[in-house]
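Novice:
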Amino acid sequence: MNRLFLARIVLSIILPMFLSGCGEHREFQVPENLIGFISDIAIDSLGDRRPEVIVREIKPGVVHVAIVFDLKDSVRQDDWQVRITPTFDPSFHWSPHLTPTSEHIVAQHVFRSPALIVTSVDHSLTVIPDLDMMKNGSPVEWYMDLDALTNKLTLGMSRNSVKEHVLFVRDTGAIYPPRKAEFGFFVLTTSGQELVTNPFKSASEFIWKKWGATQYAASKFDPEVLEKYSEHTYNWAFGSWRESVFQEFVLNGRKVG
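With positions in the sequence shown counted from 1, the corresponding number in the numbering used here is that position plus 6.
What follows is the structure, given as structure tokens:
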């Protein structure tokens with residue numbers, strides 16, 4: 007019996023919560039390997055189609071969630087979301103881009119090392135979009151968002167536009183053609199105070215091993231080019247823009263900056 011078949015059996019038994027459509031929210035039984043970290047996951051429908059969801063444990067502490075819609079007709083839907091609620095009250099929140107209001111998002115355009123991270127004194131929860139699925143092609147761009155006030159981690163698909171300088175907001179006009187629409191993400195969990203001392207460790211290691219190392223090895227990157235970039239950056243920060251960018255002050259009797 008293959009893993010995919012087993013995953014679908016498990017899905018039909020213990021994961022009805024993933025079938026929350028059109029923003030509808032249901033109580034559900036969280037998968038055992040996520041108990042203690044996630045209290046709720048809600049997935050929107052796409053048009054009138056509910057998703058097929060495949061959950062697979064990659065290894066202890068790493069779970070992959072794949073979401074598939076089999077669309078029979080074109081669907082016009084401005085926004086589609088997956089909303090994740092942690093069980094714990096995080097004391098640390100991290101998102102790779104600024105989203106100062108509810109309309110702002112971390113657009114796919116700024117997916118450099120995309121991850122949403124929340125931690126408490128003894129729990130760490132990290133959500134990372136599946137970049138392989140994203141690269142396979144999506145008719146609508148992906149995005150992320152983290153709302154610390156409501157304790158929600160959101161992944162989604164929507165058109166976007168730039169509103170202020172480099173800040174992105176959702177836009178209208180998303181259209182999904184009549185074919186399969188796929189979305190996926192990884193959930194990384196750790197517990198214990200020592201494990202969450204560095205909240206970036208698990209995300210950095212995962213992204214590097216999953217994508218970064220392979221792409222770096224396959225590239226024809228010249229280390230001397232990096233030196234030129236570094237020189238330019240240092241000149242910008244400490245030279246031409248020094249007065250605007252670099253700030254110095256005294257902390258506990260020491261001059262720092």
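For glycine and all other residues, C-beta sits at the position ideal for the given N, C-alpha and C.
#1: Cβ of I134 within 8 Å of Cβ of A209?
#2: If you reduce the DSSP assignment to three classes, tell me which class T93 lands in.
#3: Name the two residues that bound the continuous beta strand (DSSP E) containing K158.
#4: Leaving out five residues on either side along the sequence, give the residues of the same chain with a beta carbon under 8 Å from the beta carbon of G281.
#5: What is the DSSP secondary structure of E63, reduced to helix, strand or coil?
#6: Can you give me the C-alpha to C-alpha distance between H171 and L137, rounded to a whole angstrom?
#7: So who's on the other strand from M150, going by DSSP bridges?
#8: Do you know offhand how far K158's Cα is from D46's?
#9: In whole angstroms, what is the alpha-carbon distance linking W247 and N241?
#10: Going by other Cβ atoms of all chains shown within 10 Å of its Cβ, with 16 needed for buried, is N258 buried or exposed?
#11: Which word fits A243, buried or exposed, when buried means at least 16 other C-beta atoms lie within 10 angstroms of its C-beta?
Specialist: Reading off the structure:
#1: Yes, Cβ-Cβ distance for I134 and A209 is below 8 Å.
#2: coil
#3: 158–170
#4: Here the chain comprises residues numbered 7 to 263, so residue 281 is not present and cannot be evaluated.
#5: strand
#6: 26 Å
#7: Per DSSP, V112, L161.
#8: Each residue's Cα considered, the two are about 10 Å apart.
#9: 8 Å
#10: exposed
#11: exposed
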